[in-house]
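Chains as they are written, first to last, in this note's numbering: chain A, 652 to 897; chain B, 138 to 227. First comes the structure, then the notes that go with it.
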Amino acid sequence: MLNNEELQRYTRQIMVREIGEAGQEKLKKARVLIAGVGGLGSPIAYYLAAAGVGKIRIVDNDKVELTNLNRQIAHWTQDIGRLKVESAASKLSQLNDTIAIEPLVETISESSISQLTADIDVILDATDNLATRFLLNKSAMDLDIPFIHGAVAGFEGRLTTIIPGKTPCLGCIYHGDIPKQKTPVIGVTPAVIGALEATEAIKYIVGAGQLLTNQLLVYDGLRMRFTILGIKKDPNCRFCATHPEK
Amino acid sequence: MSVKFIMPVFLQPVAEEKEFVEVEGNTVGECLAAIIKKYPAMKKMLMDGKGKLHNYVGVYVNGQDAYPNEMQKAVKTGDEVHILYTLAGG
Numbered sequence: 652m653l654n655n656e657e658l659q660r661y662t663r664q665i666m667v668r669e670i671g672e673a674g675q676e677k678l679k680k681a682r683v684l685i686a687g688v689g690g691l692g693s694p695i696a697y698y699l700a701a702a703g704v705g706k707i708r709i710v711d712n713d714k715v716e717l718t719n720l721n722r723q724i725a726h727w728t729q730d731i732g733r734l735k736v737e738s739a740a741s742k743l744s745q746l747n748d749t750i751a752i753e754p755l756v757e758t759i760s761e762s763s764i765s766q767l768t769a770d771i772d773v774i775l776d777a778t779d780n781l782a783t784r785f786l787l788n789k790s791a792m793d794l795d796i797p798f799i800h801g802a803v804a805g806f807e808g809r810l811t812t813i814i815p816g817k818t819p820c821l822g823c824i825y826h827g828d829i830p831k832q833k834t835p836v837i838g839v840t841p842a843v844i845g846a847l848e849a850t851e852a853i854k855y856i857v858g859a860g861q862l863l864t865n866q867l868l869v870y871d872g873l874r875m876r877f878t879i880l881g882i883k884k885d886p887n888c889r890f891c892a893t894h895p896e897k
Numbered sequence: 138m139s140v141k142f143i144m145p146v147f148l149q150p151v152a153e154e155k156e157f158v159e160v161e162g163n164t165v166g167e168c169l170a171a172i173i174k175k176y177p178a179m180k181k182m183l184m185d186g187k188g189k190l191h192n193y194v195g196v197y198v199n200g201q202d203a204y205p206n207e208m209q210k211a212v213k214t215g216d217e218v219h220i221l222y223t224l225a226g227g
């Protein structure tokens, strides 16, 4: 049940036909993992917190640096040197003190992944390298939960929603790793893609609309193009080829 | 008439800042060879020394993923081919 404060706080979105009180209660019960609280993770976390997602687990092992501040809007100048999860958790708690924020200082690795994704309904990709994304993708397969993928560089972005057993997974789209590198990026790009990832998560949780499944959104901010491309399962995919179909 | 290749932002600087390039060819590989002939700097950005596409380059013909054997994929006049780079930033 939603209390009076929650009914008031979320009035405008409860008025949205596809959400209503029932959808708001689903959001309240939802548990999400945001993997990384940098450029993508900041807007994802803000919007899911504002929307009233009941439990938000944020994972990152980095500290805030001056060079982060052009895009990682959960962190402010005063936060330089602070752990990113603590910095973000303090902002999110001030934005919405009725939800649970779980900050975890952890490297996402093969040994930590099962602990990080335990008791989670949806995984949101906000990492800065493909190797970690593949770990999250595999964990989503193992747990049979959605994995919302986003990535950015410069003015460009990508987005897709992966439903294990139903859609292509990350391994079907990307066929090899790429070296970890410092990616050039303007802050508005992760803002766009992060907001779209949060949109997908909210839609999944409340059961509204159509998810961006079996499709890859290609965003080009320089020419302001949103292109949808079809993706397909790779029968030899190292992650999902043996996953049972739904 | 020709096949239209939509270039990723990363390749546009070596393609005279063009968003797309139109070339003749019966397969993706033939068309890419024509593009590389016009813009030689693009070769290393697309493929290795043996002419195999880098694993971070994706090819989509008429909006559909052409993997695997993208280079052999048949194309015809009026087709659109998107070349994509894998992005890793977050």
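Glycine included, every Cβ here is placed at the ideal spot set by N, Cα and C. From a predicted model like this one, the values you see are computed outputs, not experimental measurements.
query                                                                                                                                                                           : result
Expressed to the nearest angstrom, what Euclidean distance is found between the alpha-carbon atoms of isoleucine 220(B) and leucine 183(B)?                                     : 9 Å
Is isoleucine 879(A) buried or exposed, if buried means 16 or more other CB atoms sit within 10 Å of its CB?                                                                    : exposed
Check the Cβ of glycine 827(A) against every Cβ in chain B and list those closer than 9 Å, keeping chain order.                                                                 : His191, Asn192, Tyr193 and Thr223
Taking only runs of the beta strand (DSSP E) that begin and end inside the stretch 773-803 of chain A, which ones reach a length of at least 3 residues, in chain order?        : 773-776
Classify serine 760(A) as buried or exposed, calling it buried when 16 or more other Cβ atoms lie within 10 Å of its own Cβ.                                                    : exposed
Between glutamate 757(A) and leucine 767(A), which are expected to be in contact by the criterion C-beta below 8 Å, what is the C-beta distance as a whole number of angstroms? : 6 Å
Using 8 Å as the Cβ pair cut-off and three pairs as the minimum, do the stretch 709-722 of chain A and the stretch 863-873 of chain A touch?                                    : no
Kindly indicate if chain A contains any beta-carbon less than 7 Å away from that of aspartate 185(B).                                                                           : no
Between the stretch 145-175 of chain B and chain A, which residues of the former have CB atoms less than 9 Å from a CB of the latter, in chain order?                           : Pro145, Val146, Phe147, Gln149 and Glu156
Measuring alpha carbon to alpha carbon, tell me which of Gly822(A), Lys817(A), Gly801(A) and Arg660(A) ends up nearest lysine 789(A).                                           : Gly822(A)
With 7 Å as the threshold, decide whether the Cβ of isoleucine 856(A) is near any Cβ in chain D.                                                                                : Annotation note: the requested chain D is absent from the structure, which comprises protein chains A and B.
Below 8 Å on the Cβ atoms is my contact criterion, and I expect leucine 224(B) with valine 803(A) to pass it. Report the Cβ-Cβ distance as a whole number of Å.                 : 6 Å
Looking at the strands, I want to know which residues DSSP matches up with phenylalanine 877(A).                                                                                : Tyr870(A)
Going straight from the alpha carbon of threonine 662(A) to that of methionine 144(B), what length do you get?                                                                  : 45 Å
Pull the bridge partners of glycine 618(A) from the DSSP assignment, please.                                                                                                    : In the structure displayed, chain A extends from 652 to 897; residue 618(A) sits before or after that span and is not available.
Does the CB of aspartate 202(B) have a neighbour CB from chain A at under 7 Å?                                                                                                  : yes
Which residues share a DSSP beta bridge with glutamate 657(A)?                                                                                                                  : Partner(s): none; glutamate 657(A) has no beta bridge.
Out of Glu807(A), Gly827(A), Pro797(A) and Asp828(A), which has the shortest C-alpha to C-alpha gap to lysine 817(A)?                                                           : Pro797(A)
Identify the continuous beta strand (DSSP E) that holds isoleucine 670(A) and give its terminal residues.                                                                       : Looking at the DSSP string, isoleucine 670(A) is not in any beta strand (DSSP E), and its letter there is neither H nor E.
Should glycine 186(B) be counted as a contact of the ligand FAD given a C-beta to heavy atom distance under 6 Å?                                                                : The ligand FAD is not part of the structure shown, which contains no ligands of any sort.
Output yes or no for whether 7 Å exceeds the beta carbon distance between lysine 213(B) and alanine 203(B).                                                                     : no
On the three-state DSSP scale, how would you describe alanine 681(A)?                                                                                                           : coil
Taking lysine 735(A) as the reference, which of Ala696(A), Ile670(A) and Ser762(A) has the closest Cα?                                                                          : Ala696(A)
Taking 7 Å as the cut-off, decide whether the C-beta atoms of isoleucine 752(A) and isoleucine 707(A) are in contact.                                                           : yes
I'd like to confirm the pairing. Which residues does DSSP put opposite glycine 674(A) in its beta bridges?                                                                      : DSSP, once it has assigned bridges, lists no residue as partnering glycine 674(A).
Is there a Cβ from chain B that is less than 7 Å from the Cβ of asparagine 780(A)?                                                                                              : yes
When the cut-off is 7 Å and only beta carbons count, does alanine 802(A) lie next to chain B?                                                                                   : yes
Taking 7 Å as the threshold (C-beta atoms), are threonine 778(A) and glycine 227(B) in contact?                                                                                 : yes
Would you list, in sequence order, the uninterrupted alpha helix (DSSP H) runs of no fewer than 4 residues that lie entirely inside the stretch 150-216 of chain B?             : 165-175 and 180-183
For chain B, check one thing: does any of its Cβ atoms lie closer than 7 Å to the Cβ of glutamate 656(A)?                                                                       : no
Using DSSP's beta-bridge definition, name the partner residues of histidine 219(B).                                                                                             : Ile143(B) and Tyr197(B)
Which residue from Gly692(A), Ala681(A), Leu684(A) and Gly674(A) puts its Cα closest to that of valine 839(A)?                                                                  : Gly692(A)
Give the DSSP-derived three-state secondary structure of leucine 767(A) in the structure shown.                                                                                 : helix
Flag glycine 226(B) as yes if its beta-carbon sits less than 7 Å from any beta-carbon of chain A, otherwise no.                                                                 : yes
Using a cut-off of 7 Å between C-beta atoms, extract the partners of glutamate 807(A) located in chain B.                                                                       : Val146 and Leu224
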